[in-house]
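In order, the protein sequences belong to chains A and B.
Each residue of the first sequence is one higher than the one before, starting from 622 at the first, in the working numbering.
Each residue of the second sequence is one higher than the one before, starting from 4 at the first, in the working numbering.
We treat Cβ as the ideally placed atom computed from N, Cα and C, and that holds for glycine.
Keep in mind it's a predicted model, so treat the numbers as computed, not measured.
Okay, structure first, notes after.
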Amino acid sequence: MAEERQQGHKWTMIVDLDKCTGCQACVVACHAENNVPSPSEDEIIRGRANHWIRIERYWEGEYPNVKARFLPVFCQQCGNAPCEPVCPVYASYHSVEENLNVQVYNRCVGTRYCGNNCPYRVRIFNFWAPHFDPPLEQQLNPDVTVRGPGVMEKCTFCIQRIRRAREQANVEGRPLEDGEVQPACVQSCPTDALIFGDKWDENSRVAKMIPHERQFKLLEHLGTEPAVYYLKGGETHVGE
Amino acid sequence: MLESKAVTGPYWEQPDPEDERLAYQLEHGREEHLLLDARPPAELNQVVLNTMQQTGPRFWVIIAGLGAMTLAFLIAWFIQIISGLGITGLNRSVMWGPYIANLIYFIGIGHAGTFISAALRLMRMDFRRPIARAAETITLFGLAIAGLFPIIHVGSVWKLFYMIPIPNQRELWPNFRSALFWDMTAITTYLIGSTLFMFVALIPDFAMARDHTTGWRRKLYGALALGWRGAEDEWHRLEVVSNILSFVIIPVMFSVHTGVSWNLSMAIQPGWHSAIFGPFFVVGALYSGVAAVIIVMIIIRKTLRFGYFLREEHFNAMGIFLLLLTLAWIYFYFAEWITNWYGNLPMEKAIQQMLTGPLAPLFYLMLFCNIVVPLATLWSRRVRTSLPAMLVIGIFVQIGMYVERVLIVAGSLSRNELPFNWVNYTPHWPEVTVTIGTLAFLGLLYALFTRVVPIIPVWEVYEGQAMQQVRRIGRAIAPTRTEVH
């Protein structure tokens with residue numbers, strides 16, 4: 622459905638699990654860029670880690686032959702998103718221009734239905750009014766709203782950066798170039814494990830990498846058509 | 004007998020043993036069946052009106068207790084709105100908890116009222132007559148309180164009006180694809196429909212109360228009776244309207260709990276995504292609802308001294324009904340469980356392992372309350388006609404069905420597709436306070452309502468008694484029913 626439409630952009634992320642070291646730089650960058658409050662330790666113990674991007678760490682094997690696997694998970698910007706039809710007020714809807722799932726904070730009444738229906742559990746509910754420990758409140762990003770209590774929020778692929786770059790390109794009268802837009806997580810990734818671009822732009826880096834022999838999508842069997850491609854890492858041998 | 008009575012006098016003055024047997028049968032039938040034990044309507048009226056107007060100090064003590072608990076609920080809700088949902092135990096994975104379970108529970112206990120008054124009416128089951136209004140009142144207040152729970156549950160209650168399709172200048176409408184919207188529509192329809200149905204049946208009783216009271220009551224009942232005079236065409240119209248509304252309200256009743264269950268089953272959350280949820284929830288709702296009606300019947304009979312109206316036959320009939328619903332519920336639960344178990348999908352396996360693992364005490368409590376207790380007891384007529392036993396069974400079923408809803412809502416959510424997000428849920432004080440407080444609120448509304456509204460439909464009882472006759476057929480006495488329409 623969404624795949625067939627060629628208007629606008631199809632923003633796509635590639636996560637190379639072979640390169641991910643689990644350093645969590647993307648998590649910190651995302652918190653800073655998107656004005657996501659830092660939860661306290663108690664809150665995290667209560668299961669309210671409100672990261673828009675999180676590194677899921679899975680242990681493999683038994684001690685001492687144990688291995689850690691890291692899986693960065695953020696909103697998969699599904700082409701066929703389960704969160705969209707369930708929202709009774711259209712707070713969660715599909716942007717035609719950017720092909721992203723966007724969340725309208727002003728519209729959200731906080732039924733949290735979308736959060737239950739997201740198989741990736743990437744939608745964050747603001748249980749409290751936002752609180753930033755000093756001096757963090759001094760460095761809030763003016764391009765992003767600080768969301769109030771009682772609404773859902775989630776990764777936007779840094780839509781403020783996408784919009785700014787596109788407006789700049791419009792002013793200069795040229796099409797958007799590949800690599801011009803970089804979400805905060807991509808920008809901060811030291812090992813270049815995250816690659817971002819427009820899949821419908823044939824010359825973009827992501828378009829050239831897909832299809833990739835190591836590629837898979839998270840929970841692909843659910844038919845959510847995520848816009849995030851993972852490349853298998855570790856000792857996976859594909860194509861042999 | 005030691006003194007032998009010599010038979011004196013002619014044989015036609017001797018008592019006929021056959022007549023004595025029939026007289027005994029008749030007397031026994033009177034004791035057993037309300038509809039055969041006709042009393043003058045004026046007497047029935049007074050029995051009901053007196054209970055409405057006499058309130059002792061114990062009543063006000065109970066009202067004060069329930070009122071205090073209701074106040075605690077309102078304060079907890081206020082604190083929750085001010086400080087945010089963070090004070091609840093909900094978390095990133097378990098975003099729906101007891102508030103949604105309460106919504107399902109309160110709508111559930113509201114199901115029996117309509118079923119008893121509408122479906123049993125259409126099936127001409129006469130045992131419903133004295134019960135109908137008490138059951139409908141549960142529907143009314145159960146639904147009203149259930150309607151509170153979406154409001155308590157949402158994060159931004161001040162924006163809730165976005166969910167209502169109000170024409171607006173920006174042409175922003177609710178999302179008609181959302182199961183929550185269907186649910187809201189179904190609940191509203193049901194609330195309006197069942198209130199209307201209840202009110203129609205109340206009109207003759209309001210008129211009766213109007214004619215026998217003074218002061219503010221007379222004014223109130225006069226307004227509510229809509230000028231009812233008891234003319235024949237009015238009775239005829241009442242009959243027609245009641246029949247039409249009965250047929251209309253039954254599909255609505257099914258749609259409501261199906262709609263509630265679809266909130267869960269339309270989501271792709273494992274443990275929820277099941278086509279059986281619609282009928283399963285309807286049966287579960289009737290199950291907990293009938294148990295709730297039995298509890299209320301016992302309380303009303305004890306406190307308002309309605310021993311004349313609510314007899315063994317009614318508890319017996321309700322007990323049989325509850326037993327049938329137990330069997331139906333077990334069938335559905337088994338069907339759902341074995342499908343998941345046999346299918347052996349990893350996520351559904353994980354949920355079943357959690358239910359029999361960390362949540363095992365709750366899970367086995369539910370099975371005990373919902374399966375063992377009713378099945379072990381309700382087959383016996385002595386149990387079904389014993390009020391303490393029925394009260395205990397009813398409370399067990401309430402606990403079991405409530406735990407079932409919590410396990411389905413919060414239990415399933417704590418296991419999801421990515422094991423990294425498995426979080427267990429524990430309720431915090433707001434959920435507990437709100438749950439207990441809303442139950443008390445239901446009791447408060449109900450108790451106050453019984454002071455204002457005749458809780459026994461006197462005219463229906465009288466109508467039933469007028470239609471019932473005793474005929475002698477051969478050597479037995481049989482109650483017969485006259486169809487007047």
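Can the beta-carbon of L815(A) be found less than 8 Å from the beta-carbon of C651(A)?
no
Closer than 9 Å at the beta carbon, the chain A residues around Q83(B)
Chain A residues near Q83(B): none, gap ~10 Å exceeds 9 Å.
Restricting to Cα atoms, I'd like to know which of W275(B), A204(B), T485(B) is closest to L241(B).
A204(B)
Cβ-Cβ separation, C776(A) to C696(A) (assumed contact under 8 Å), whole Å:
The beta-carbon distance between C696(A) and C776(A), rounded to whole angstroms, is 4 Å. This is short enough to meet the 8 Å contact definition.
Report the start-end ranges of each beta strand (DSSP E) in the region 45 to 86 of chain B that is 3 residues or longer and not cut off at the edges.
none
Tell me whether A338(B) sits in a helix, a strand or coil according to DSSP, three-state version.
A338(B): helix per DSSP, three-state reduction.
Could you say if the region 628 to 637 of chain A and the region 707 to 724 of chain A meet the contact criterion of at least three C-beta pairs nearer than 8 Å?
Here the region 628 to 637 of chain A makes contact with the region 707 to 724 of chain A; the two share three or more CB pairs at distances below 8 Å.
What residues match up with S268(B) in a beta bridge as DSSP calls it?
When DSSP reads this structure, S268(B) sits in no beta bridge, so it has no partner.
Nearest neighbour of A294(B), chosen from A138(B), F184(B), K162(B), P422(B) [CA to CA]
A138(B)
Proximal chain B residues relative to I745(A), where beta-carbon distance stays under 8 Å:
R95
Could you tell me which residues DSSP pairs with L721(A) in its beta bridges?
S716(A)
Same chain, Cβ closer than 8 Å to G233(B), neighbours up to 5 away in sequence not counted:
P207, A210
Same chain only: Cβ atoms within 7 Å of N48(B), ignoring 5 sequence neighbours per side
M211, H215, V461
Check E21(B) in the structure and name its three-state DSSP category.
helix
Is L390(B) helix, strand or coil when you go by DSSP?
helix
Near-chain B residues of the region 681 to 697 of chain A (beta-carbon distance less than 9 Å), N- to C-terminal order
If the cut-off is 9 Å between Cβ atoms, the region 681 to 697 of chain A has L692, V694 near chain B.
List, in order along the chain, the chain A residues whose C-beta lies closer than 7 Å to that of I271(B)?
P703, N738, P740, L843
Only counting runs of 4 or more residues, tell me where the alpha helix (DSSP H) segments fall wholly within the region 642 to 669 of chain A, in order along the chain.
646 to 654, 662 to 666
How about A670(A): is its C-beta nearer than 8 Å to some C-beta of chain B?
yes
Can you tell which of I195(B), I439(B), I134(B) has the C-alpha that lies nearest to the C-alpha of L77(B)?
I439(B)
Going by beta carbon distance, what residues of the same chain come within less than 7 Å of T429(B), once the five residues before and after it are set aside?
G92
Could you spell out where the alpha helix (DSSP H) holding F444(B) opens and where it closes?
432 to 455
Could you tell me how far apart the beta carbons of G322(B) and F748(A) are, in whole angstroms, since I believe they sit closer than 8 Å?
Incorrect: roughly 45 Å between the Cβ atoms, too far for contact.
How about I134(B) and I119(B): do their beta carbons lie closer than 8 Å?
yes
Per DSSP, what are the beta-bridge partners of P133(B) in this structure?
According to DSSP, P133(B) bridges with nothing at all.
Examine chain A for any beta-carbon lying closer than 8 Å to the beta-carbon of R180(B), and answer yes or no.
yes
Just the C-alpha distance for E677(A) and P693(A), rounded to the nearest angstrom, thanks.
6 Å
Does the beta-carbon distance from F200(B) to A149(B) come in below 8 Å?
no
With DSSP as the reference, identify every bridge partner of W632(A), one or two as the case may be.
D819(A)
Give the straight-line distance between the Cα atoms of I107(B) and I745(A), rounded to the nearest whole angstrom.
25 Å
Within a Cβ cutoff of 8 Å, which residues of the same chain sit near Y714(A), ignoring the five residues on either side of it in sequence?
E705, C708, N722, V723, V725
Under a Cβ-count criterion, where at least 16 other Cβ atoms within 10 Å of its own Cβ denotes burial, should N727(A) be classed as buried or exposed?
exposed
Who pairs with P482(B) in a beta bridge, going by DSSP?
V473(B)
Could you give the distance in angstroms between the alpha-carbon of R475(B) and the alpha-carbon of E21(B)?
12 Å
Within the continuous alpha helix (DSSP H) that includes A689(A), where are the two ends?
Here A689(A) belongs to no alpha helix (DSSP H); instead the beta strand (DSSP E) covers 688 to 695.
Kindly list, in the order they appear in chain B, the residues whose Cβ is closer than 7 Å to that of R667(A).
Simply N94.
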